[in-house]
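The structure appears below as structure tokens.
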Amino acid sequence: MSNQATVQSNPPVSTGTSEEFPQPVHPVDDVVAVRNRRTWRLIGVSIVGILIRAMVIVVELLAVVFLGSSTLLADALASSTDILATLVIIGAIKLAERPPDDDHPFGHGRYEPLAGWQLGVLMVALGSGFFIWQFISVAQHGGAKSFDFWAVLIPLVAAGFLEATYQLVYWYGRREHSSALIAEAYHYRIDAVTSLLAALSLTLAVMLPQFGDVIDHLGAMLLGAIMVGLGVLACRENLDQLMDRVPDDTHFDSVRDAAMRVEGVLEVEKVRIQHAGPDAHVDIDIEVDPELTVEAAHRISQFVRAEIQSNWPKVREVVVHIEPYYPGDH
0 MSNQATVQSN
10 PPVSTGTSEE
20 FPQPVHPVDD
30 VVAVRNRRTW
40 RLIGVSIVGI
50 LIRAMVIVVE
60 LLAVVFLGSS
70 TLLADALASS
80 TDILATLVII
90 GAIKLAERPP
100 DDDHPFGHGR
110 YEPLAGWQLG
120 VLMVALGSGF
130 FIWQFISVAQ
140 HGGAKSFDFW
150 AVLIPLVAAG
160 FLEATYQLVY
170 WYGRREHSSA
180 LIAEAYHYRI
190 DAVTSLLAAL
200 SLTLAVMLPQ
210 FGDVIDHLGA
220 MLLGAIMVGL
230 GVLACRENLD
240 QLMDRVPDDT
250 HFDSVRDAAM
260 RVEGVLEVEK
270 VRIQHAGPDA
280 HVDIDIEVDP
290 ELTVEAAHRI
300 SQFVRAEIQS
310 NWPKVREVVV
320 HIEPYYPGDH
């Protein structure tokens with residue numbers, strides 16, 4: 000999401016005073032338009048996922064009616080819950096784009112990681128529930144149960160579609176720095192893996208019909224355990240943003256480079272970055288000529304803000320601290 004365009008105008012560096020207060024310097028690109036395009040890309044990817052998942056659910060439920068497979072039923076129910084989760088993600092993405100207000104001066108970006116964390120918790124709860132349910136079922140029942148071999152093709156094809164959707168959603172989540180969408184991608188990976196497990200269970204049941212019922216329930220138990228594990232990963236991914244974990248070094252390098260491109264900036268002393276869903280907040284200390292007037296130094300800070308936002312439109316706010324530059328003090 001970087002934009003290589005730079006601010007063309009140079010800030011004043013004279014020490015003279017001016018009666019007119021300098022006007023704010025805005026980024027050369029329309030940051031709002033960039034952010035809106037991001038929102039609609041995320042929503043579009045989510046809708047594609049809903050359509051694919053709905054198709055899989057319909058086919059699997061039809062198979063459940065004719066085959067009575069517990070593994071396929073668990074797979075279809077998990078996918079149905081995931082559609083609801085995707086709708087929650089879409090709502091969170093829209094809420095996170097709301098501008099700052101008096102009660103939320105830093106914006107509403109945390110809606111995204113909050114929704115992603117809740118989805119992770121939901122995955123853990125569902126996985127635990129499936130595991131316990133199937134454990135009780137396998138303890139109470141068991142015995143012969145036969146399946147037709149053609150039934151194995153249903154979860155295999157579903158796994159292929161769901162894995163492709165996972166790759167698409169995960170790629171967009173990483174590209175757009177959306178922890179909520181990444182959590183949603185994990186749901187697709189779960190669905191793909193569980194569909195493969197369903198195929199494996201049905202294959203074994205076809206080969207060993209005398210143990211078909213037990214194998215069917217054991218497959219559903221394994222499905223539940225995997226859901227718990229990936230749910231924990233999704234929770235961790237989103238807690239990093241909710242707890243303000245430091246992002247990777249590439250973002251710090253990008254901010255430093257953008258600031259140093261502005262004429263009058265002699266050194267960047269410190270950079271702090273806070274991620275919150277679609278937003279990033281930057282706090283930066285720059286060093287300038289100590290002989291500059293307050294007005295000239297302030298003007299430089301405005302150019303720094305504009306350059307950082309043009310280079311990284313995810314940044315909603317930049318706080319620039321001015322420090323005097325003295326050679327050899329680092």
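Take 0 as the starting number for the sequence shown in numbering that gives the first Met the number 0 and just add one per residue.
Note that beta-carbon positions come from the ideal geometry of N, C-alpha and C, so glycine has one too.
| Item | Value |
| --- | --- |
| Tell me whether the segment 109–121 and the segment 75–94 touch, counting them as touching only if at least three CB pairs, one residue from each stretch, are closer than 8 Å. | yes |
| For Ala77 versus Leu125, is the C-beta distance shorter than 8 Å? | yes |
| Taking all protein chains shown into account, decide if His409 is buried (16 or more other Cβ within 10 angstroms of its Cβ) or exposed. | Past the boundaries of the shown model lies residue 409; the chain is included only from 0 to 329, so the question cannot be answered. |
| DSSP three-state label for Arg271, please. | strand |
| Quick one, are the C-beta atoms of Leu41 and Glu59 less than 8 Å apart? | no |
| Alpha carbon to alpha carbon, how far is Met122 from Ile153? | 23 Å |
| Within the same chain, show all residues whose beta-carbon is closer than 6 Å to that of Phe151, passing over the 5 residues directly before and after it, in chain order. | The question names Phe, but residue 151 in the sequence shown is Val. Only Ala198, Leu201 and Thr202 meet the Cβ criterion. |
| For Phe160, which residues in the same chain have their Cβ closer than 7 Å to its Cβ, ignoring the five residues on either side in sequence? | Ile51 and Val55 |
| Within a Cβ cutoff of 8 Å, which residues of the same chain sit near Val227, ignoring the five residues on either side of it in sequence? | Met122, Val123, Gly126, Ser127 and Phe130 |
| Please work out which residues of its chain come closer than 6 Å, Cβ to Cβ, to Val317, disregarding the five sequence neighbours upstream and downstream, and give them in chain order. | Val281, Arg304 and Ile307 |
| Looking only at its own chain, which residues have a Cβ that is under 8 Å from the Cβ of Val47, when we skip the five neighbours before and after it? | Thr164 and Leu167 |
| In this structure, does DSSP put Val317 in helix, strand or coil? | strand |
| If the criterion is Cβ atoms closer than 8 Å, does the pair Ile285 and Val254 meet it? | no |
| Of the residues Leu207, Glu175 and Leu221, which one's Cα is nearest the Cα of Val192? | Leu221 |
| With a threshold of 16 other CB atoms inside 10 Å of the CB of Asn35, please say whether the residue is buried or exposed. | exposed |
| State the beta-bridge partners of Val87 as determined by DSSP. | The partner list for Val87 (beta bridge, DSSP) is empty, contrary to what the question assumes. |
| Can you grab the Cα-Cα spacing for the pair Leu155 / Glu162, in whole Å? | 11 Å |
| Going straight from the alpha carbon of Ser136 to that of Arg109, what length do you get? | 41 Å |
| Go through the segment 172–217 residue by residue and report every complete run of the alpha helix (DSSP H) that reaches 4 residues or more, in order. | 178–206 |
| Please report the residue range of the alpha helix (DSSP H) in which Ala296 lies. | Val293 to Asn310 |
| What does DSSP give as the partner residues of Val156 in its beta bridges? | Val156 is not bridged to any residue. |
| Where does Glu392 fall in DSSP's three states? | No answer is possible for residue 392: the residues shown for the chain start at 0 and end at 329. |
| Out of Gly218, His107 and Ile181, state which residue places its alpha-carbon closest to the alpha-carbon of Ser69. | Gly218 |
| In the DSSP assignment, what are the bridge partners of Ala150? | Paired residues: none, contrary to the question. |
| Measure the CB-CB distance between Leu229 and Arg188 and report whether it falls below 8 Å. | yes |
| Roughly how many angstroms separate the alpha carbons of Pro99 and His176, rounded to a whole number? | 20 Å |
| By the three-class DSSP mapping on this structure, what secondary structure does Val74 have? | Per the sequence shown, residue 74 should be read as Asp rather than Val. Helix at Asp74. |
| Following the continuous beta strand (DSSP E) through Val261, name the residue where it begins and the one where it ends. | No beta strand (DSSP E) holds Val261; DSSP gives it neither H nor E. |
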